[in-house]
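Asks: Residues in the sequence shown are numbered consecutively from -7, following my numbering. Here's a structure for you.
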Amino acid sequence: MKLVLLGGGGFRVPLVFSALVRDHEPGRVTSVALVDTDRSKLEVTARILAEQSAPHADAPVVSIHTDLEEALPGADFVFSAIRVGGMTGRWSDERIGLSHGVIGQETVGYGGISYALRTLPVVMRLAETIKRLAPDAWVINFTNPAGVVTEAMSRILGDRVIGICDSPIGLARRALGALGVHSADARIEYAGLNHLGWVRSLVVDGVDRLPELLEQPERLESFEEGRLFGADWIRTLGVLPNEYLHYYSFTREVLHADQLAPRSRGGYLVEQQGRFYAEAAHSAHSPLALWEACRHDREQTYMASNRQSVGMGERDEDDLVSGGYEDVAIALMRGIAHDQSARLILNVPNRGVLDLLDDEAVVEVPCIVDATGAHPVPGSSIPDFGRGLVTSVKYVERQTIEAALSGSRAAAVRALAHHPLIDSVGIARALLEDATATFGELSYLR
Ligand code: G6P
Ligand code: MN
-7 MKLVLLGGGG FRVPLVFSAL VRDHEPGRVT SVALVDTDRS KLEVTARILA
43 EQSAPHADAP VVSIHTDLEE ALPGADFVFS AIRVGGMTGR WSDERIGLSH
93 GVIGQETVGY GGISYALRTL PVVMRLAETI KRLAPDAWVI NFTNPAGVVT
143 EAMSRILGDR VIGICDSPIG LARRALGALG VHSADARIEY AGLNHLGWVR
193 SLVVDGVDRL PELLEQPERL ESFEEGRLFG ADWIRTLGVL PNEYLHYYSF
243 TREVLHADQL APRSRGGYLV EQQGRFYAEA AHSAHSPLAL WEACRHDREQ
293 TYMASNRQSV GMGERDEDDL VSGGYEDVAI ALMRGIAHDQ SARLILNVPN
343 RGVLDLLDDE AVVEVPCIVD ATGAHPVPGS SIPDFGRGLV TSVKYVERQT
393 IEAALSGSRA AAVRALAHHP LIDSVGIARA LLEDATATFG ELSYLR
């Protein structure tokens, strides 16, 4: 099988590859084509993958490409994990947001809309090219903001594009860990949009164990989301919120922490990632060891200002354990390629599962995956208190897609002004002014 990775020089590519080299089954991925606009990042990544391959005689053959059209033919799967505008774009959005007193995080509120406005025109062109050169390929979208990007791509690729995120399974795994249960032994009920959803139940041997967890504050606060939201608030909700809901529940506190932070997440990553790629390109030492160390630091500092805002300390080593991102991708690919029915939480068109949204709305829900694709499992629902939020944010996503596809500035203003984290039409307009002045990619908005 051939896998094409768009954003092939990206920092998390070795994570995906580490899962591929562990697969020795027939029908595994035997060829990986890395595609990126940045050749030096591709070269660094290829050296890391070569080190990862060394102990495995049957490791996939890796090729690197700056030309998408050269890489695509023959693809069985395409992973898309690109970052339009780079990490400096992320940093600029954080600064623009903060300068107007709103959160600039890359997937939530102003930051998510601006990032989507940069990204959607590019992924639409990618989707057209994939449809032309690899019409039978399955496209697995990691590109953020993953829900809205997947929905836009589905207008071209239909059900051949499936969005993934590690945060739902990460949350469920940590919660089950607090109950002493392995996630493979549970049926996880989860519903929402990407970075905006809730674990509704954790069924083990036919019994929902979530109520038992909710009764025990110390267990609830033994893992990351429990500490972020506090046991008291989670017990009030009666469900487990995705960590990204922290921006909605503690907006003022997070904004305040962001304003006080010496550097935003994007600023930190511009420096950290820049240093990594430069060192790895020039060092004679193992780039894999450098990558491991850099990844540890990146995970350690993940969502630092959210934790800071509620007085949490460092992350626990247990919360750093990977196996989210790459495992979801590999499980999805295997389920499709081998027709092995698997249950995974994915971003797919709603098709009647959530009653408050139409069929084409991409939602994040449990799905059954097999050779025919990913099919949402009936029965998911949004908690009552979240219905308004989900409806509003889906409206915002739709206006963002309309702005990107038609070039309508008015639609972009509608998206920003209706976002629950942007509290003024005047600020929405000012944010768009700053975004269009900063990002040449947005010159299509008229
Ligand atoms: C989680 C989210 C991803 C996001 C990543 C950001 O894994 O689910 O969607 O890309 O965090 O991590 P970063 O290290 O870039 O802040
Ligand atoms: Mn995600």
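Ideal Cβ positions, reconstructed from N, Cα and C, are used throughout, including at glycine. Quick caveat: nothing in here was measured; it's all calculated off a predicted structure.
Who are the Cβ neighbours of ILE74 in its own chain at under 6 Å, not counting the five residues just before and after it?
Replies: Locating residue 74 in the sequence shown gives position 82, where the first residue counts as 1. Only LEU(-2), GLY(-1) and THR135 meet the Cβ criterion.
Asks: Sorted by chain position, which residues of the same chain lie with C-beta nearer than 6 Å to LEU112's C-beta, five sequence neighbours on each side aside?
Replies: Within the sequence shown, numbered from 1, the residue matching residue 112 stands at position 120. Within the same chain, LEU112 has close Cβ partners ALA144 and ALA396.
Asks: If we require 4 or more residues per run, which alpha helix (DSSP H) segments fall completely within the region 308 to 357?
Replies: The qualifying runs are 309 to 312 and 317 to 329.
Asks: Mapping the DSSP letters down to three states, classify ALA25 as helix, strand or coil.
Replies: Working through the sequence shown from its first residue, we reach residue 25 at position 33. It is a strand residue.
Asks: Flag this pair as touching only if the region 331 to 339 and the region 358 to 372 have three or more C-beta atom pairs under 8 Å; answer yes or no.
Replies: Touching, yes.
Asks: Flag SER45 as yes when its Cβ comes closer than 7 Å to any non-hydrogen atom of the ligand MN, and as no otherwise.
Replies: Against the sequence shown, residue 45 aligns to sequence position 53. Not under cutoff, so the answer is no.
Asks: Which first and last residues belong to the alpha helix (DSSP H) in which PRO209 is found?
Replies: The sequence position of residue 209 within the sequence shown is 217, counting from 1. Run containing PRO209: 209 to 212, per the alpha helix (DSSP H) assignment.
Asks: Can you give the Cα-Cα distance for GLY184 and LEU163, rounded to whole angstroms?
Replies: As a working mapping, residue 184 is identified with position 192 in the sequence shown. As a working mapping, residue 163 is identified with position 171 in the sequence shown. In a straight line, the C-alpha of GLY184 is about 14 Å away from that of LEU163.
Asks: Taking only heavy atoms of the ligand MN into account, decide whether any of them is closer than 7 Å to the Cβ of SER159.
Replies: Here residue 159 refers to the residue found at position 167 of the sequence shown. SER159: yes, Cβ under 7 Å from the ligand MN.
Asks: Expressed to the nearest angstrom, what Euclidean distance is found between the alpha-carbon atoms of GLY305 and GLY169?
Replies: The residue you call residue 305 lines up with position 313 of the sequence shown. The residue you call residue 169 lines up with position 177 of the sequence shown. Their Cα atoms are separated by approximately 20 Å.
Asks: Using a Cβ-Cβ cut-off of 6 Å (strictly less than) and excluding sequence neighbours within five positions of HIS277, which residues of its own chain qualify?
Replies: Here residue 277 is taken as the residue at index 285 of the sequence shown, counted from 1. The answer is none, since no qualifying residue turns up.
Asks: Sorry if obvious, but does the Cβ on HIS277 come closer than 7 Å to a heavy atom of the ligand MN?
Replies: In the sequence shown, counting from the first residue as 1, residue 277 sits at position 285. Answer for HIS277: no, Cβ out of range of the ligand MN.
Asks: Quick one: what's got a C-beta closer than 6 Å to LEU312's C-beta in the same chain, skipping five residues either side?
Replies: Stepping through the sequence shown from its first residue, residue 312 is reached at position 320. Same-chain partners within the cutoff: GLU291.
Asks: DSSP puts SER384 in a beta bridge; with which residues?
Replies: Taking the first residue of the sequence shown as position 1, residue 384 is located at position 392. Its beta-bridge partners do not exist; DSSP assigns none.
Asks: Report the partner residues of TRP190 according to the DSSP bridge assignment.
Replies: Along the sequence shown, one-based indexing puts residue 190 at 198. DSSP, once it has assigned bridges, lists ALA183 and PRO233 as partnering TRP190.
Asks: For LEU7, which of GLY371, CYS286, VAL231 and THR29 has the nearest alpha-carbon?
Replies: As a working mapping, residue 7 is identified with position 15 in the sequence shown. Comparing Cα-Cα distances from LEU7 to each of GLY371, CYS286, VAL231 and THR29, the minimum goes to CYS286.
Asks: Can you name, in chain order, every residue of its own chain whose Cβ lies under 6 Å from the Cβ of PRO412, other than the five neighbours on each side?
Replies: By one-based count along the sequence shown, residue 412 stands at place 420. Cβ within range, chain order: SER384.
Asks: For a quick check, are the C-beta atoms of SER106 and ALA427 less than 8 Å apart?
Replies: Counting from 1 along the sequence shown, the entry for residue 106 is found at position 114. Counting from 1 along the sequence shown, the entry for residue 427 is found at position 435. Going by C-beta atoms, SER106 is nearer than 8 Å to ALA427.
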